[in-house]
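Down below is the structure, laid out as structure tokens.
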């Protein structure tokens, strides 16, 4: 029930989340969820993944791969949606800072602070945002400084969930889970120490 202190509490949470110090993008997966955690998948359901169809094709591709990873782990596949579609009350917003309109709106509304990644090479902000848009209670925002930053941020979360980067080439076993929860907070994947990276497979 709403009381006199509810608006004050919402204001406090908004201010503290915006000014929150970012930690490194690691250890963000929770084994058991609490009311403050983000539920990626549980009980036969999975949170929708929201993208901007005008974003980079690379970003749209990795969003689809992320949905596949959630299905590999839990058996539940998230739906990919644009901002115009009906979205689940908890969702994942994946995009680049310059290419995703939902992320741009969150920046303008000061729901997220991208100053630590904007203009950086292959960096990414991951932040849980409460009440980002009307009808949405929680959104896990994955905002890359560029398209590759978005990709590396998404794949890092997949790896922590239990999908090895080598599951395809080396048949690394995928860790199955009944549910996936992500801890609240503000996390940053910094730019790599080596600007250009790659692997060379001796065939």
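Numbering (the numbering used here), first residue to last: 3 to 205. Built from N, CA and C at the ideal position, the CB exists for glycine as well.
C-alpha distance - residue 122 paired with residue 81, whole-angstrom precision:
Here residue 122 refers to the residue found at position 120 of the chain shown. Here residue 81 refers to the residue found at position 79 of the chain shown. Roughly 30 angstroms between the two C-alpha positions.
Go ahead and pull the three-state DSSP assignment for residue 61.
What you label residue 61 is simply residue 59 of the chain shown in a count that begins at 1. In the structure shown, residue 61 sits in a helix (DSSP, three-state: H, G or I).
Consult DSSP for residue 73 and reduce its assignment to one of helix, strand or coil.
For this step, residue 73 is matched to residue 71 along the chain shown. The answer is helix: DSSP assigns residue 73 an H, G or I state.
Taking its Cβ as the centre, do 16 or more other Cβ atoms sit within 10 Å of residue 15, making it buried, or is it exposed?
Taking the chain shown and counting its residues from 1, one reaches residue 15 at position 13. Bear in mind that a pLDDT of 37 at residue 15, under 50, signals an unreliable position, so the model cannot answer this.
Which residue wins for smallest C-alpha separation from residue 169, given the options 46, 71, 133, 51?
As a first step, residue 169 is located in the chain shown; it is residue number 167 there, counting from the start. For residue 169, the nearest C-alpha among the options comes from 71.
Contacting residues, own chain, Cβ-Cβ under 8 angstroms from residue 26 (five flanking each side not counted):
Within the chain shown, residue 26 is the residue found at index 24, counting from 1. Once the five neighbours on either side are set aside, the close Cβ partners of residue 26 are 189, 190, 191, 192.
Quick one: measure Cβ to Cβ for residue 92 and residue 40, integer angstroms, because I've assumed they're closer than 8 angstroms.
Residue 92 sits at position 90 when you count from the first residue of the chain shown. Residue 40 sits at position 38 when you count from the first residue of the chain shown. Confirmed, Cβ separation roughly 6 angstroms.
Under a Cβ-count criterion, where at least 16 other Cβ atoms within 10 Å of its own Cβ denotes burial, should residue 167 be classed as buried or exposed?
Reading the chain shown from its first residue, position 165 is the one you call residue 167. Exposed, by the Cβ-count rule.
Using the Cβ count rule (16 or more neighbours within 10 Å means buried), how would you classify residue 140?
Along the chain shown, read from residue 1 onward, the residue named residue 140 stands at position 138. By the neighbour-count rule (16 or more Cβ atoms within 10 Å), residue 140 is buried.
Go to residue 142, then tell me how far its beta strand (DSSP E) extends in each direction, as first and last residue.
Counted from its first residue, the chain shown places residue 142 at position 140. Here the beta strand (DSSP E) through residue 142 covers 140 to 146.
Consult DSSP for residue 185 and reduce its assignment to one of helix, strand or coil.
To locate residue 185, count along the chain shown from 1; it is residue 183. In this structure, residue 185 counts as coil in the three-state DSSP scheme.
Could you check which residue in 66, 88, 89, 85 has the C-alpha nearest to that of residue 79?
As a working mapping, residue 79 is identified with position 77 in the chain shown. Ranking the options by Cα distance to residue 79, first place goes to 66.
Ordered along the chain, which non-local residues of its own chain (more than five positions away) have a Cβ less than 6 angstroms from that of residue 64?
Your numbering for residue 64 matches position 62 in the chain shown. Once the five neighbours on either side are set aside, the close Cβ partners of residue 64 are 153, 156.
With distance defined between alpha-carbon atoms, name the residue in 108, 94, 162 nearest to residue 84.
By one-based count along the chain shown, residue 84 stands at place 82. When each option's Cα is compared against that of residue 84, the closest is 94.
Those residues which DSSP pairs with residue 44 across a bridge
By one-based count along the chain shown, residue 44 stands at place 42. DSSP output for residue 44 lists 47 as bridge partner(s).
Given this structure, state the Cα-to-Cα distance separating residue 104 from residue 54, to the nearest angstrom.
For this step, residue 104 is matched to residue 102 along the chain shown. For this step, residue 54 is matched to residue 52 along the chain shown. For residue 104 and residue 54, the distance between alpha carbons rounds to 8 angstroms.
Tell me the rounded alpha-carbon separation between residue 112 and residue 173.
Residue numbering aside, residue 112 sits at position 110 when the chain shown is read from its first letter. Residue numbering aside, residue 173 sits at position 171 when the chain shown is read from its first letter. Near 43 angstroms, if we compare the C-alpha coordinates of residue 173 and residue 112.
Leaving aside the five residues before and after residue 185 along the sequence, list all residues of the same chain whose C-beta is less than 7 angstroms from its C-beta, in chain order.
Mapped onto the chain shown, residue 185 falls at position 183. Within the same chain, residue 185 has close Cβ partners 30, 32, 39.
Start and end of the beta strand (DSSP E) containing residue 92?
Translated into the one-based positions of the chain shown, residue 92 becomes position 90. Here the beta strand (DSSP E) through residue 92 covers 92 to 98.
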